[in-house]
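To start, the structure itself, in structure tokens.
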Amino acid sequence: MSHDIFAHLRDRTITALRALLPEVPEEALGRVIMEPPRDASHGDMATNAALVVGKLAKMAPPKLAAELAAAMRDFPEVEEAAPAGPGFVNLRLREDYVRGQVAVVLREGEAYGQGATKPGSVNVEYVSANPTGPMHVGHCRGAVVGDALAGLLAKAGYSVTREYYINDAGAQVQALAYAAYWRYLQALGTRMTEEEYAQLIPGGLQYRGEYLIPVGQALMASHGSSLAVEDPVHGWGMSGPDLWLAPVRAFTVEAMMAEIREDLAALGVQHDVFISEAALVRDGLLEKAEALLDSQGLIYRGTLPPPKGKLPEDWEEREQTLFRSEQFGDDTDRPLRKSDGSGTYFANDIANHLHKIERGFDALVHVWGADHGGYVKRMQAAVAALSGKRVSLDVVLTQIVHVVKDGQPVRMSKRAGSYITLRDLIDEVGRDAVRFTMLTRKSDAQMEFDLDLVLQQSRDNPVFYVQYAHARCRSVLRGAGDPSLESLADAPLDSLTDPAELGLIRRIAAWPRVVEAAAAAREPHRVAFFLNDLASDFHLLWNKGKEDTTLRFIQADQPAATQARLALVAATAAVVRSGLRVMGVMPVEEMR
Numbered sequence: 002m003s004h005d006i007f008a009h010l011r012d013r014t015i016t017a018l019r020a021l022l023p024e025v026p027e028e029a030l031g032r033v034i035m036e037p038p039r040d041a042s043h044g045d046m047a048t049n050a051a052l053v054v055g056k057l058a059k060m061a062p063p064k065l066a067a068e069l070a071a072a073m074r075d076f077p078e079v080e081e082a083a084p085a086g087p088g089f090v091n092l093r094l095r096e097d098y099v100r101g102q103v104a105v106v107l108r109e110g111e112a113y114g115q116g117a118t119k120p121g122s123v124n125v126e127y128v129s130a131n132p133t134g135p136m137h138v139g140h141c142r143g144a145v146v147g148d149a150l151a152g153l154l155a156k157a158g159y160s161v162t163r164e165y166y167i168n169d170a171g172a173q174v175q176a177l178a179y180a181a182y183w184r185y186l187q188a189l190g191t192r193m194t195e196e197e198y199a200q201l202i203p204g205g206l207q208y209r210g211e212y213l214i215p216v217g218q219a220l221m222a223s224h225g226s227s228l229a230v231e232d233p234v235h236g237w238g239m240s241g242p243d244l245w246l247a248p249v250r251a252f253t254v255e256a257m258m259a260e261i262r263e264d265l266a267a268l269g270v271q272h273d274v275f276i277s278e279a280a281l282v283r284d285g286l287l288e289k290a291e292a293l294l295d296s297q298g299l300i301y302r303g304t305l306p307p308p309k310g311k312l313p314e315d316w317e318e319r320e321q322t323l324f325r326s327e328q329f330g331d332d333t334d335r336p337l338r339k340s341d342g343s344g345t346y347f348a349n350d351i352a353n354h355l356h357k358i359e360r361g362f363d364a365l366v367h368v369w370g371a372d373h374g375g376y377v378k379r380m381q382a383a384v385a386a387l388s389g390k391r392v393s394l395d396v397v398l399t400q401i402v403h404v405v406k407d408g409q410p411v412r413m414s415k416r417a418g419s420y421i422t423l424r425d426l427i428d429e430v431g432r433d434a435v436r437f438t439m440l441t442r443k444s445d446a447q448m449e450f451d452l453d454l455v456l457q458q459s460r461d462n463p464v465f466y467v468q469y470a471h472a473r474c475r476s477v478l479r480g481a482g483d484p485s486l487e488s489l490a491d492a493p494l495d496s497l498t499d500p501a502e503l504g505l506i507r508r509i510a511a512w513p514r515v516v517e518a519a520a521a522a523r524e525p526h527r528v529a530f531f532l533n534d535l536a537s538d539f540h541l542l543w544n545k546g547k548e549d550t551t552l553r554f555i556q557a558d559q560p561a562a563t564q565a566r567l568a569l570v571a572a573t574a575a576v577v578r579s580g581l582r583v584m585g586v587m588p589v590e591e592m593r
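Residue numbers (our numbering): 2 to 593.
And the structure:
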């Protein structure tokens, strides 16, 4: 476990509070935090301890803050402690303690920031795209956010399972099978036109992209002409769906999932588990979930009011099996069965969550598109009911991505026919640039993926800026003979006194706290923000060395100072690598 100086000082603060107030409520201590102050001029850390404890202990928070500050001045790590505002205490740390964090990083290397092993296990479900075509940039953002979040939770000490839920039980998969069958007829040499075929099938031809041509050819190679019929007009025409629909659907879903796995692998994303919606329904998980909810009085037969606004043409008032989601904050109760008796999307998703609960997970995390935002409360309600409130469900929403080039939107892929694919994006800018860029905005904020900016070598390109910091570190270390972290860990650090050097060390020392806080908030973009700030601090020090020769990293006539600065450079590089690996991005050795 890494030495988190914020957690360390928080523990010391709680010990001091217990000494001052032996009867302090444990509830209050659980709300004590230690964090960087909003204004860096106030010190290195600030705590709300006196504010939250004073109120519950019926002691004026400013008075408690003054007493607590006096006690904290005796901490060996603290240079100065001062009460502030309505009950805060600001801390300034001793410079030798700050400098000592460099040695901590060097001894732990890229493991620095690793949290203590936490009880319980977390299931992170992400991507879960319908297996109806190539992955597009919307899927890409969810894939990167989910994969980075899983990496972040693992870094924080959680046992993590990465899961992909295959939506292979709905009407869209049947539509996909009809589209693949059309490509099969084409492979046989049918004289039928696409529009003639579209008029023969329910709902028309929904998937017209070229990506299904190889599937049709593979179907012909596997089945010959056995799935079609000959007729004098078209040569080869559609036979009865009872003959071919089930095998074509299974074959096509498998082919699409193989392609999706390849797309994800190109992005550096690998799941531990793939779960089939159709298999869960077949195995009776929906009926089992309904029985559990019914036993708690959360299912009933009833009629829903018509939707607000203009009524859909297919809406009909009818008695349905309903889940009492309004009881949990939803705007209406939700149906579990369609008119044909099959499960609704929501019902099948309940079965999916019961499956996770039965496998023993303690926390569930989902990454969904923002258009599913209204779906969150009802799903959290179902999980709480199915697990007896034992299992939590957190949902991370991702907004849409607009891809632009030369200032204009990029709208479609020749292969997919209607959108830009994930592969298009990777081919254009590279995997690491895609992953890093997707994490430069909070996931629920819309983002513009500027293809030109991502390829620029400038301060405005965060991918380049962070990678350049690592490359500069490696250049310095190679120039010094590439000393090992172990050999630098015992270097005297007294010569690191410049504000830019100490500022860089303070940033490095915040990494364990960033990991813990970002994991708790389910916000992997915080890692990208931290790395950008860390790179900025390092580039600042590099540029100061250009102007002030005494700050240069390698000085032949100052061996002790050189060793200290090499230690700082090596620690910086180790933390950059640690952060990039959480994001799934490979650090570069040099920039070309």
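Heads up, the beta-carbon is just placed ideally off N, CA and C, and yes, glycines get one too.
Between the CA atoms of residue j and residue i - distance to the nearest angstrom
i, j, result
"HIS526", "SER226", "52 Å"
"ALA58", "PRO87", "15 Å"
"PHE275", "ILE358", "16 Å"
"LEU294", "GLY361", "19 Å"
"HIS1", "ASP243", "One cannot answer for residue 1 here, as it falls past the ends of the chain, which runs 2 to 593."
"TRP369", "VAL53", "36 Å"
"GLU278", "GLY585", "28 Å"
"GLN175", "HIS137", "21 Å"
"LYS289", "ARG283", "12 Å"
"VAL1", "LEU478", "Residue coverage of the chain in this structure runs from 2 to 593, which leaves residue 1 outside it and unanswerable."
"HIS4", "LYS119", "16 Å"
"MET592", "ARG475", "11 Å"
"ALA594", "PRO26", "The first residue shown for the chain is 2 and the last is 593, placing residue 594 beyond what the model contains."
"HIS235", "THR345", "38 Å"
"ALA511", "TYR159", "20 Å"
"ARG209", "MET35", "56 Å"
"MET60", "LEU497", "42 Å"
Best match in the options for proximity to residue i [C-alpha to C-alpha]
i, options, result
"VAL97", "GLY88, PRO87, GLU80 and TYR113", "Contrary to the premise, residue 97 reads as Asp rather than Val in this sequence. Measuring from the Cα of ASP97, the nearest candidate turns out to be GLU80."
"ALA151", "VAL33, SER122 and VAL402", "SER122"
"SER340", "ASP334, ASP332 and LEU323", "LEU323"
"ASN349", "PRO336, PRO493, ARG74 and GLY361", "PRO336"
"MET46", "VAL99, LEU567 and THR16", "VAL99"
"ALA181", "ILE167, ALA247 and ARG283", "ALA247"
"SER579", "LYS378, ASP428, HIS471 and ASP395", "HIS471"
"ARG32", "ALA17, ARG39, THR48 and PRO23", "THR48"
"GLN187", "VAL230, TYR165 and HIS373", "VAL230"
"VAL516", "GLN218, ASP40, LEU153 and ALA61", "LEU153"
"GLU291", "PHE329, HIS354 and VAL270", "HIS354"
"GLU255", "PHE539, ALA178, ILE401 and GLN328", "ALA178"
"ALA142", "GLN321, LEU268 and LEU387", "The sequence shown places Arg at residue 142, not Ala. Among GLN321, LEU268 and LEU387, the Cα nearest to that of ARG142 is on LEU268."
"ARG302", "LEU426, LEU287 and ARG319", "ARG319"
"VAL128", "TRP245, ARG412, ALA29 and VAL270", "VAL270"
"GLN218", "VAL106, GLN458 and THR253", "THR253"
"ALA371", "ALA50, LYS56 and HIS140", "HIS140"
Residues that DSSP places opposite residue i in a beta bridge
i, result
"ILE358", "BP columns for ILE358 are empty, so no partner."
"ILE167", "SER277"
"GLU36", "ALA47"
"PHE602", "Because the chain is modelled from 2 through 593, residue 602 falls outside the range shown and cannot be assessed."
"ASP232", "GLY236"
"PRO84", "VAL90"
"ASN124", "THR162 and LEU365"
DSSP three-state assignment for residue i, whether helix, strand or coil
i, result
"LYS406", "strand"
"ASP334", "coil"
"SER605", "With the chain covering only 2 through 593, there is no way to say anything about residue 605."
"TYR301", "strand"
"PRO77", "coil"
"GLN321", "strand"
"ARG262", "helix"
"THR118", "coil"
"HIS4", "coil"
"SER496", "coil"
"MET221", "helix"
"HIS367", "strand"
"PRO248", "helix"
"LEU150", "helix"
"MET584", "helix"
"GLY344", "strand"
Touch check for the stretch 531–544 and the stretch 443–455: three-plus C-beta pairs under 8 Å? No: fewer than three Cβ pairs fall under 8 Å.
At least 3 beta-carbon pairs within less than 8 Å: the stretch 428–444 vs the stretch 163–175: Taking one beta carbon from each stretch, the stretch 428–444 and the stretch 163–175 have fewer than 3 pairs nearer than 8 Å; the two do not touch.
Touch test, the stretch 143–150 against the stretch 103–112, Cβ-Cβ under 8 Å, three pairs minimum: No: the two stretches stay apart, fewer than three of their Cβ pairs being nearer than 8 Å.
Taking three-plus beta-carbon pairs below 8 Å as touching, is the stretch 383–400 in contact with the stretch 436–447? Cβ pair count under 8 Å is three or more, so yes.
Cβ pair count under 8 Å reaching 3, the stretch 371–387 against the stretch 323–332: The stretch 371–387 is in contact with the stretch 323–332.
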